[in-house]
Amino acid sequence: MRVIQTHITSSLQIPFAVIRKKGPGFSSCLHAHPELELVHVRAGNGRRIVGHLIAPFQEGDMVLLGSMLPHRWIYEPTGNHQPASTVLYFNTDTLAGSFYEMNECRPLQDLLQRATQGLCIKGKTRQLVASRLEKLSRLKGLPAFTGILDLLQLLATSSELESLAAGTQEASTFATVTDRLSEVYEYIAAHYHEELTLSRVAAVAHLSETAFCRLFRQRTQNHFTAYVNEIRLQHACHRLQSTDEPISLIAEACGFKTVSNFNKCFKKGRKSSPSAYRHSFQQLAQ
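Going by my numbering, 40 is the number at position 25 of the sequence shown; the sequence numbering is gapless.
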């Protein structure tokens, strides 16, 4: 499925926009844009694509999508009820790079990094953000701009944000420039299709296996094996979407020892079989 690149704020000649939408869908195709996007579904349900993940959505859902993260919303018709949403677009380049480098803005920098995978906003935070979004839709100029910064601060300091799409082609999965494990992330990204033992990767980090496991778990909130499997699944999803290669060939090319192991990991990570996943994307592309 082709990803269409768009430019929201530049086409409107403004650095940000809050738009109330009502109609059969958010978009007609899978697309990506440089702007940060915050979506609150006020009415309607259906399926959404974020990166390589297909998942249902319903009224009240709220997600934050980072720059150039492919996405699409597809509504399911429900009688005479019209779907509705409020969407915030914010061009993060509006603020100078030095702004994000200030210690006071570190939470915001971390938020933007996490948003590259897509974030689901839950609980009281979702209620507060929904209320502020509606107020922002009625503001313009400086009051709107400062209101957006306040909203981003709320999101950056909330503990009620969960990863939505566990990595995509564009997402820089968990890594930051200053992270001690950056060499490990790069090594896994380059050698995911090979056999990756714990001892082999721990050596890249110049750590014992025990110390590596402890640090890796602390930094990623994930086990090493689960992380590697997720990277492999990302590449497998891309091949399932963009090629007609046999599933057995995809499994081998992405580092899975057997097709049965691939099917098991895929079912656990994507809640469907590889063939069903491919079929879903083929249907959406029609």
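Glycine included, every Cβ here is placed at the ideal spot set by N, Cα and C. It should be emphasised that the depicted structure is a prediction, and the values quoted were computed from it without experimental measurement.
Annotation: the continuous alpha helix (DSSP H) that includes Thr140 extends over Gly138 to Leu151.
Around Leu222, the same chain offers no residue with a beta carbon nearer than 6 angstroms, after the five sequence neighbours per side are excluded. Asp259 and Phe296 have their C-alpha atoms some 12 angstroms from each other. Rounded to whole angstroms, the separation of the alpha carbons of Leu126 and Ile89 is 26 angstroms. Sequence-distant Cβ neighbours of Gly284 in its own chain, meaning closer than 6 angstroms and more than five residues away, are Leu248. For Lys279, the enclosing alpha helix (DSSP H) covers residues Val274 to Arg285. Take Leu80, set aside five residues on each side of it, and the residues of its chain with a beta-carbon closer than 6 angstroms to its own are Glu52, His86 and Gly133, in chain order. Runs of alpha helix (DSSP H) with 4 or more residues, each lying fully within the stretch 38-82, are absent.
Boundaries of the beta strand (DSSP E) around Ala99: Ala99 to Phe105.
In summary, Ala205 is exposed, with fewer than 16 beta-carbon neighbours lying within 10 Å of its beta-carbon over all protein chains present.
Ranked by Cα distance from Thr109, the first of Gly138, Val144 and Thr161 is Thr161. In the structure shown, Glu201 adopts helical secondary structure according to DSSP, grouped into three states.
A check of alpha carbon separations from Gly75 across Asn60, Val56 and Ser82 identifies Val56 as the nearest. Partner residues in the beta bridge of Tyr90, as assigned by DSSP, are Gly61. Rounded to whole angstroms, the gap between the alpha carbons of Glu175 and Arg232 is 20 angstroms. A direct Cα-Cα distance of roughly 53 angstroms separates Leu157 from Arg215. Per DSSP, the beta-bridge partners of Ile34 are Val102.
Under a 10 Å Cβ-count criterion, Arg129 is classified as buried, with 16 or more other Cβ atoms of the shown protein chains found around its own Cβ.
Following the DSSP letters along the chain, one finds Glu177 inside the beta strand (DSSP E) bounded by residues Leu176 to Ser178. Closest in alpha carbon position to Lys282, among Cys252, Leu264, Gly59 and Arg153, is Cys252. Distance from Ser263 to Val274 at the Cβ level is roughly 5 angstroms; contact confirmed, criterion being Cβ atoms closer than 8 angstroms.
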